[in-house]
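K.L.:
What follows is a single structure, and I will ask about it in a moment.
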Amino acid sequence: MPESKVASGSFFYLQAPETQESHDLIAEIERWSDENKTQVYVVDSPLGDSRYEYAYKQVLVILIPKRKLTFINYGSSESQFSEYVEDFLEDLGTLSDKYRYRDAIGRPRKWRERLVASFRSDEFSSFENLEQALRIENARDQRVGELLISLLTGSINDVARVRVDVPENRLDKVKRKILLFDGEQTRFIYLKPNKSPTRIQGLSGTGKTELLFHKLKELYVGEDEARVVLTCHNKILADNLRRRIPDFFDFMKVEQQIKWNERLWCVHAWGSSSAPNSGTYRYICFKYGIPFMSWSKSTPFSKVCEVALEFLSRLESPEPIFDYILIDESQDFPESFFALCAAVTRRAVYIAGDIFQSIFDDSIVRSISPDFLLSKVYRTDPRTLMFAHALGMGLFEDTKLRWLEDEEWKACGYKVEKTNKGQEYQLSREPIRRFEDIEDEKKPSVEICEVGGRFYSAAVEETIRLVRKIIEENPTVTPEDVGIILLDNNSAVYEFADLLQQLVPRETGWEVNKAYETKQKTPGSLFLSNRNNVKGLEFPYVICVTEKITNFYSYRNALYMTLTRSFLQSYIVLSAEPNKKILPSIRAGLDMINSDGCIKVSRPDDEERARINTTIKVSGSNVSFYDFMESIFNSLKVLPLFRPKIMEVVKTTFGDNWEEAEVIETVEFVYERMQRGGGEEV
0 MPESKVASGS FFYLQAPETQ ESHDLIAEIE RWSDENKTQV YVVDSPLGDS
50 RYEYAYKQVL VILIPKRKLT FINYGSSESQ FSEYVEDFLE DLGTLSDKYR
100 YRDAIGRPRK WRERLVASFR SDEFSSFENL EQALRIENAR DQRVGELLIS
150 LLTGSINDVA RVRVDVPENR LDKVKRKILL FDGEQTRFIY LKPNKSPTRI
200 QGLSGTGKTE LLFHKLKELY VGEDEARVVL TCHNKILADN LRRRIPDFFD
250 FMKVEQQIKW NERLWCVHAW GSSSAPNSGT YRYICFKYGI PFMSWSKSTP
300 FSKVCEVALE FLSRLESPEP IFDYILIDES QDFPESFFAL CAAVTRRAVY
350 IAGDIFQSIF DDSIVRSISP DFLLSKVYRT DPRTLMFAHA LGMGLFEDTK
400 LRWLEDEEWK ACGYKVEKTN KGQEYQLSRE PIRRFEDIED EKKPSVEICE
450 VGGRFYSAAV EETIRLVRKI IEENPTVTPE DVGIILLDNN SAVYEFADLL
500 QQLVPRETGW EVNKAYETKQ KTPGSLFLSN RNNVKGLEFP YVICVTEKIT
550 NFYSYRNALY MTLTRSFLQS YIVLSAEPNK KILPSIRAGL DMINSDGCIK
600 VSRPDDEERA RINTTIKVSG SNVSFYDFME SIFNSLKVLP LFRPKIMEVV
650 KTTFGDNWEE AEVIETVEFV YERMQRGGGE EV
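Residue 299 in numbering that gives the first Met the number 0 sits at position 300 of the sequence shown, and the numbers go up by one each step.
Structural data, given as structure tokens:
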């Protein structure tokens with residue numbers, strides 16, 4: 000397959016070779032794609048399958064959602080061009096059979112007349128004029144056309160789920176949206192690297208893990224004997240990825256058998272001494288005779304990898320044991336692990352990680368620039384993401400908690416416009432295809448719901464009202480479409496949860512799953528949890544319950560994370576009285592996002608930026624949880640008898656999002672209760 004053009008935009012993708020005859024037209028198409036923020040693919044064969052090759056080369060196939068599948072002949076032979084079109088459509092029909100699209104979209108003869116167009120390059124004066132003639136007006140035909148594009152680009156959809164009939168309500172329009180890779184995603188999957196390692200970075204929700212699966216499939220299928228590793232730091236995640244691979248291969252109709260531990264490994268990074276195939280580092284030790292080092296407090300993984308590299312350097316021309324290594328969650332690893340992987344890999348190492356795990360990470364733009372930057376978050380409505388970033392960082396308030404430099408804003412997917420000598424910022428995001436069908440409906444993607452009186456009693460009533468509202472407005476909604484997240488860390492939230500578990504079934508007929516107890520999503524049940532169990536989840540609707548918006552970094556980051564779990568609408572239920580000072584500015588900021596599609600904010604001066612950066616670095620200092628707790632116990636003079644139980648309570652309450660002031664308050668409360676109760680459970 001010809002290599003695609005390397006381009007910086009996410010809307011345009013070129014796989015067809017660029018020639019002197021096609022150059023001007025391709026440049027015009029790319030310019031139109033960028034100006035209109037519309038996805039365009041220019042190819043000359045289906046992506047992802049090397050079996051499809053054609054003798055006639057002077058052809059461009061233009062794929063644009065809601066436009067006809069278009070063949071452009073810029074050569075001189077009409078007969079060869081006609082033969083090319085016939086062969087291409089026949090192969091497209093074969094792909095339709097392979098992925099079981101045919102029952103939904105029919106054979107090519109059923110849609111060819113409505114959805115396919117052919118032109119000589121001298122038949123139109125400009126691409127803009129041509130594009131207008133290609134538009135498909137019928138909504139059902141538009142969906143068939145997009146399914147054809149998904150076949151040709153390898154962005155395979157579950158046709159039984161998305162279906163061809165046109166969805167009628169907002170929820171189904173988003174849930175059944177036909178997903179297509181953007182230009183940057185497509186380049187990562189199909190472009191052959193010109194260097195190793197290849198780094199891919201993106202925000203949470205940009206689809207990095209899914210792209211690694213597609214890349215894994217391409218590498219495994221593309222070379223019969225290729226030995227491929229998919230690895231990550233966390234053992235639970237590695238086990239989850241390993242379970243998903245067979246289903247993914249089945250879905251993508253991979254005909255080759257998976258040869259585990261022969262051609263394909265999916266393991267966490269370290270491994271155990273008793274099982275050579277249990278980890279990437281463990282297998283490297285096994286194959287090269289490197290003494291395996293087990294985990295201990297005095298043996299960090301960075302040191303382990305450095306020792307292994309030193310051992311390899313003493314070997315005479317060690318033979319690579321893998322062809323490709325794909326690394327997920329790269330932010331969890333030291334650079335020495337990447338160097339170790341590169342030293343034992345024949346062809347390429349792919350490194351994928353988050354731009355940041357927390358909005359308060361002190362370094363977003365790394366010293367090493369990624370080769371692929373995924374800045375479009377497909378899970379979340381751009382308006383919700385903008386509001387979540389702004390609220391989390393305190394951008395609507397007089398005292399800001401976080402500020403990004405221009406390159407950091409851009410890396411996070413923002414378009415930066417400045418006025419007043421660079422002091423006033425206007426931050427906006429590009430539109431997302433997933434939400435284009437509901438853009439005309441001016442319904443806000445975030446609603447702030449204030450309640451008065453005793454907060455948790457009023458919040459129960461308001462939460463049930465919102466659940467009823469969601470049910471009334473969406474006839475196809477199911478219980479698992481709604482997530483309720485409790486942000487506060489106090490005993491009252493669990494009383495709130497108990498009451499909600501009793502009242503929701505009575506009021507709506509839906510069961511409630513308290514996920515902080517079950518640790519999983521339950522089919523047919525509404526999801527209810529605290530802030531420690533939301534990573535990796537998504538719902539059409541999220542109801543976030545919090546009494547008071549505080550300035551704790553861990554709280555603000557949890558607030559950001561929770562709001563961005565929704566892909567349609569988020570609600571914040573909060574108490575009116577304790578938030579009355581900041582709510583007017585927060586509402587004004589939200590109104591600006593909904594009306595103008597942007598955040599408008601003043602840049603902090605040098606002194607305030609220095610204060611922000613200093614606070615973040617102190618807050619993020621590298622200290623273990625055990626040492627952190629011991630220092631608090633010592634300062635509060637907590638008796639040793641009570642420390643293990645209190646530490647367990649704090650860990651359960653805060654998870655990995657612990658912050659000193661909040662923890663001290665919790666320790667004081669729990670310690671006092673335990674002393675009064677003689678050490679009994681709190």
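Ideal Cβ positions, reconstructed from N, Cα and C, are used throughout, including at glycine.
1. Identify which residue in Gly288, Ser357 and Asp327 has its Cα closest to the Cα of Asn556.
2. If we call anything under 7 Å between Cβ atoms a contact, is Ile326 one with Lys286?
3. Need the endpoints of the beta strand (DSSP E) that Ile199 sits in, please.
4. Quick one: does Asp33 have its CB under 7 Å from some CB of chain C?
5. Looking only at DSSP bridge pairs, what is Glu446 linked to?
6. Starting from the Cα of Cys304, find the closest Cα among Met560, Tyr570 and Val343 and give me that residue.
7. Following the continuous beta strand (DSSP E) through Asn529, name the residue where it begins and the one where it ends.
8. In chain order, what residues of the same chain lie with their CB nearer than 7 Å to the CB of Ser301, ignoring the 5 residues before and after it?
9. Of the choices Thr379, Gly421 and Phe355, whose alpha-carbon is the least far from that of Leu536?
10. Buried or exposed, going by whether 16 or more other CB atoms sit within 10 Å of the CB of Asn550?
11. Are the region 219-234 and the region 186-198 in contact at 8 Å, needing three or more beta carbon pairs?
12. For the candidate residues Pro504, Glu167 and Gln255, whose alpha-carbon lies nearest to that of Ile463?
13. What separation, rounded to the nearest whole angstrom, lies between the Cα atoms of Pro64 and Glu145?
14. Return the chain-ordered list of same chain residues with a C-beta closer than 7 Å to the C-beta of Trp408, the five sequence neighbours on each side being excluded.
15. Would you call the region 253-264 and the region 289-297 in contact, with 3 or more CB pairs under 8 Å?
16. Grouping DSSP H, G and I as helix and E and B as strand, with all else coil, what is Trp408?
17. Can we say the region 379-399 touches the region 446-455, given the rule of at least three CB pairs closer than 8 Å?
18. Tell me whether the region 451-468 and the region 594-601 touch, counting them as touching only if at least three CB pairs, one residue from each stretch, are closer than 8 Å.
19. Check whether the region 15-27 and the region 44-60 are in contact - that is, three or more C-beta pairs closer than 8 Å.
20. Rounded C-beta distance between Thr507 and Val466? I'm assuming under 8 Å.
21. Look up Tyr12 in the DSSP assignment and give the residues it is bridged to.
22. Does the Cβ of Ser9 have 16 or more other Cβ atoms within 10 Å, making it buried, or fewer, making it exposed?
23. Only counting the same chain, and skipping five residues up and downstream in sequence, which positions put a Cβ closer than 7 Å to that of Leu218?
24. Just list the alpha helix (DSSP H) runs in the region 303-387, keeping only unbroken ones of 4 residues or longer that don't cross its boundaries, in chain order.
25. Assign Glu20 to one of three DSSP states: helix, strand, or coil.
26. Using the Cα positions of Asp497 and Thr475, report the straight-line distance between them to the nearest angstrom.
27. Since Tyr349 and Pro196 should fall inside the 8 Å C-beta cutoff, what is the C-beta to C-beta distance between them, to a whole number of angstroms?
28. Am I right that Ser565 and Pro539 are in contact with their C-beta atoms under 8 Å? What's the rounded C-beta distance?
29. Give the C-beta separation of Glu461 and Val541 to the nearest angstrom, bearing in mind that I take them to be a contact with Cβ-Cβ under 8 Å.
30. For Ile469, which residues of its own chain have a beta-carbon under 7 Å away from its beta-carbon, when the five flanking residues on both sides are left out?
31. Quick one: what's got a C-beta closer than 7 Å to Ser78's C-beta in the same chain, skipping five residues either side?
32. Looking at the structure shown, is Ser271 part of a helix, part of a strand, or coil, going by DSSP?
33. With H, G and I counted as helix, E and B as strand and the rest as coil, what does DSSP make of Cys597?
34. What does the alpha-carbon distance come out to for the pair Arg160 and Asn35?
35. Below 6 Å CB to CB, which residues in the same chain sit around Lys399 once its five sequence neighbours on both sides are set aside?
36. Determine the contact status of Leu525 and Val511, defining contact as a CB-CB distance below 7 Å.
P.N.:
Reading from the atomic positions:
1. Ser357
2. no
3. Thr197 to Gly201
4. Structure shown: chain C not included; a single protein chain is present.
5. Tyr570
6. Val343
7. Ser524 to Asn529
8. Pro333 and Ser335
9. Thr379
10. exposed
11. no
12. Pro504
13. 6 Å
14. Val415 and Leu426
15. no
16. helix
17. no
18. no
19. yes
20. 6 Å
21. Tyr40
22. buried
23. Ala225, Val227 and Tyr323
24. 334-342
25. coil
26. 27 Å
27. 7 Å
28. 7 Å
29. Actually they do not touch by this definition, with Cβ atoms about 14 Å apart.
30. Val476, Val481 and Tyr540
31. none
32. strand
33. coil
34. 29 Å
35. Gly393 and Pro603
36. yes
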